[in-house]
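Enquirer: Residue numbers (this note's numbering), protein chains in the order written: chain A, 61 to 451; chain B, 155 to 331.
See the structure below:
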């Protein structure tokens with residue numbers, strides 16, 4: 061498989077204003093964020109990301125690999141990441157299901173990679189072109205073992221671009237998989253997308269040990285401040301293993317303290333930097349009731365709050381931008397300042413138990429699914445619930 | 155001011171393309187806001203194809219079209235599926251070659267023989283959607299004709315620009331004055 065390598069860095073960022081589909085914006089965001097290797101298998105409703113990358117990656121001197129299945133795609137991407145490439149794996153929920161074993165692998169060996177899940181209606185094959193926020197817990201708890209993950213949740217094509225850029229930066233900064241949790245509604249939505257000038261887009265690249273470094277004396281794993289990555293092809297002699305290991309990559313499967321260290325260091329790499337990662341958008345100061353939502357549904361919640369306030373109702377708004385790591389302190393603050401919380405999701409209540417647990421009796425928490433799963437709530441339906449809760 | 159539209163037909167009629175041109179005209183050339191979503195069944199031709207378009211002078215927050223101000227029906231099943239959602243007093247635009255005798259109660263009805271204009275007058279039924287789009291813009295001015303013309307230039311293959319623009323203006327002329 062030989063590809064024509066054409067370095068065309070100037071075309072990496074398609075600066076301008078477009079009426080662009082979310083999935084296309086996501087692909088452009090990946091390229092603007094520095095993606096050099098993308099791998100995938102076609103799947104509705106994410107295919108436009110792969111279509112765009114298959115064309116655009118060659119234009120910018122990168123690679124697009126259409127694999128025989130999603131397992132192959134993520135394995136290729138993990139390998140490419142270990143050669144020093146910024147890697148990207150766009151898919152939908154069924155693809156993530158196949159990738160889960162290797163997502164845990166990427167977490168365990170600290171591999172920067174960006175995954176996009178353009179969520180569709182499930183379980184199983186389900187309804188490929190219908191958007192459901194049905195996989196919200198999957199990135200957090202899908203692979204086995206005890207780990208943390210980072211996930212971002214866009215609500216517009218513009219955010220498909222912006223958050224994909226940010227996902228690359230977070231993946232490189234924390235040497236870990238990062239998820240962009242879109243859904244079919246956002247992925248297939250067209251809206252204004254403003255792509256800035258290349259020099260206005262901040263990009264980060266992972267730390268790498270100095271050339272010629274003796275890795276028996278340098279910690280290249282399990283540093284809570286994020287260890288430099290001993291990528292392949294630079295002459296480093298390093299052991300990369302999915303088994304429990306120490307800071308130098310040496311396996312240790314016998315000491316419980318080694319396992320504790322392995323788990324805790326990986327978790328703390330994310331948790332200790334949660335202030336740099338966690339993002340919410342909120343406006344709820346001492347309201348009676350606040351609406352909590354994310355993704356496409358957050359636009360419904362925000363509009364429902366605007367309408368309710370125009371009727372004089374005391375309603376606030378809390379949008380989760382990074383569902384993982386869970387915005388625990390932010391939800392605690394919310395639950396201190398409002399009396400009631402209404403969680404809106406386009407599913408049967410996946411994130412709701414986490415919000416309710418964090419609010420822990422301080423605020424009364426209720427959940428509202430849309431009238432029809434797979435279709436964002438209508439405003440009248442939300443307004444009715446708001447009035448009921450304020451009665 | 156926010157205008158919600160549905161353009162509905164069957165696959166191959168260019169309903170989705172008409173919606174994308176409308177959004178491109180609004181966002182890129184008229185400095186308005188636009189949002190488009192779409193749905194189509196898996197048949198490439200003949201299955202239902204629907205697009206929802208919102209055009210607004212201000213930021214669009216709520217992303218769904220629940221009760222459209224305008225329904226454009228390019229096929230009979232569009233009436234069956236969507237006419238009940240149309241706002242009272244809204245506008246129904248139909249391709250009268252495809253939709254015969256639409257119900258007439260409670261809205262403004264505009265009938266355009268778009269398929270025959272495209273195939274007989276312009277010489278290619280592939281631009282039927284542009285005749286329909288022209289009738290919409292002639293009736294509502296939801297975006298400017300100039301913006302649509304520019305959107306056509308950046309959205310269709312070079313060899314097809316002229317025929318698309320011709321179809322668009324023919325539709326525009328057909329709108330009630």
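Backbone N, C-alpha and C fix where the C-beta goes; we use that ideal spot for every residue, glycine too.
Using a Cβ cut-off of 9 Å (strictly closer), state whether residue 171/B contacts chain A.
Expert: No, because no Cβ of chain A sits closer than 9 Å to the Cβ of residue 171/B.
Enquirer: Please confirm if residue 218/B has its CB atom under 9 Å from at least one CB of chain A.
Expert: Chain A contact via Cβ: present.
Enquirer: Of all the CB atoms in chain C, is at least one closer than 9 Å to the CB of residue 155/B?
Expert: Any reference to chain C falls outside this structure, whose protein chains are A and B.
Enquirer: Determine, for residue 252/A, whether the minimum Cβ-Cβ distance to residues of chain B falls below 9 Å.
Expert: Taking Cβ atoms only, chain B reaches closer than 9 Å to residue 252/A, which makes this a yes.
Enquirer: Can you have a look at residue 156/A and say buried or exposed, based on whether 16 or more other CB atoms are within 10 angstroms of its CB?
Expert: It is buried - the Cβ of residue 156/A has at least 16 other Cβ atoms within 10 Å.
Enquirer: Please name the residue in 191/B, 271/B, 164/B whose C-alpha comes closest to that of residue 356/A.
Expert: The shortest Cα separation from residue 356/A among 191/B, 271/B, 164/B belongs to 191/B.
Enquirer: Strictly under 9 Å for the Cβ-Cβ distance: is residue 181/B near chain A by that measure?
Expert: With 9 Å as the cut-off, residue 181/B counts as an interface residue toward chain A.
Enquirer: From the beta carbon of residue 84/A, is the nearest beta carbon of chain B less than 9 Å away?
Expert: For residue 84/A, the answer is no, since every Cβ of chain B falls outside 9 Å of its Cβ.
Enquirer: Under 8 Å between beta-carbons, which chain A residues line up against residue 189/B? List them in chain order, please.
Expert: Near residue 189/B (Cβ distances below 8 Å), the residues of chain A are 249, 250, 251.
Enquirer: In the DSSP assignment, find the beta strand (DSSP E) that holds residue 360/A and state where it starts and stops.
Expert: Premise fails: residue 360/A lies in the alpha helix (DSSP H), 356-370, not in any beta strand (DSSP E).
Enquirer: I want to see whether chain A comes within less than 9 Å of residue 269/B, judged by CB atoms only; does it?
Expert: No, residue 269/B does not count as interfacial toward chain A.
Enquirer: Taking its Cβ as the centre, do 16 or more other Cβ atoms sit within 10 Å of residue 326/B, making it buried, or is it exposed?
Expert: Residue 326/B is buried by the Cβ-count criterion.
Enquirer: Give the interface partners of residue 231/B over in chain A, defined as CB-CB distance under 8 Å, in chain order.
Expert: Chain A residues near residue 231/B: none, gap ~18 Å exceeds 8 Å.
Enquirer: My output table needs one value for residue 129/A: the three-state DSSP class, helix, strand or coil.
Expert: Note: residue 129/A maps to coil in three-state DSSP.
Enquirer: Under 9 Å between C-beta atoms, does residue 369/A make it to chain B?
Expert: For residue 369/A, the answer is no, since every Cβ of chain B falls outside 9 Å of its Cβ.
Enquirer: Looking at the structure shown, is residue 77/A part of a helix, part of a strand, or coil, going by DSSP?
Expert: Looking at residue 77/A - three-state DSSP - the assignment turns out to be strand.
Enquirer: In the DSSP output, which residue or residues are listed as bridge partners for residue 236/B?
Expert: In the DSSP output, where bridge partners are listed per residue, residue 236/B has none listed.
Enquirer: For residue 67/A, which residues in the same chain have their Cβ closer than 7 Å to its Cβ, ignoring the five residues on either side in sequence?
Expert: Its pLDDT being 45, under 50, residue 67/A is placed unreliably by the model, and the measurement read from it follows with that caveat. Contacts found: 121.
Enquirer: What did DSSP end up calling residue 218/A once you bin it into helix, strand or coil?
Expert: Here residue 218/A sits in helix by DSSP.
Enquirer: What do you get for residue 80/A, buried or exposed, if any count of 16 or more other CB atoms within 10 angstroms of its CB means buried?
Expert: Under this definition residue 80/A is a buried residue.
Enquirer: Measuring straight from C-alpha to C-alpha, what distance separates residue 277/A and residue 268/A?
Expert: Distance between the alpha carbons of residue 277/A and residue 268/A is about 15 Å.
Enquirer: How far does the beta strand (DSSP E) with residue 237/A in it extend, from its first residue to its last?
Expert: That run of the beta strand (DSSP E) goes 237-243.
Enquirer: Between residue 214/B and chain A, is the shortest Cβ-Cβ distance under 9 Å, so that the two count as touching?
Expert: Interface residue, yes.
Enquirer: For residue 187/A and residue 180/A, what's the separation of their Cα atoms in angstroms?
Expert: Distance between the alpha carbons of residue 187/A and residue 180/A is about 6 Å.
Enquirer: Given that residue 192/A touches chain B, what residues does it touch there, using C-beta distances under 8 Å?
Expert: Within 8 Å Cβ-Cβ: nothing; residue 192/A doesn't reach chain B, min ~14 Å.
Enquirer: Counting Cβ pairs, one atom from each stretch, are 3 or more of them under 8 Å apart for the stretch 227-238 of chain A and the stretch 196-214 of chain A?
Expert: Segments in contact, yes.
Enquirer: Please tell me whether residue 359/A has its Cβ less than 9 Å away from any Cβ of chain B.
Expert: So, interface residue.
Enquirer: Taking Cβ positions only, does residue 78/A come closer than 9 Å to chain B?
Expert: So, interface residue.
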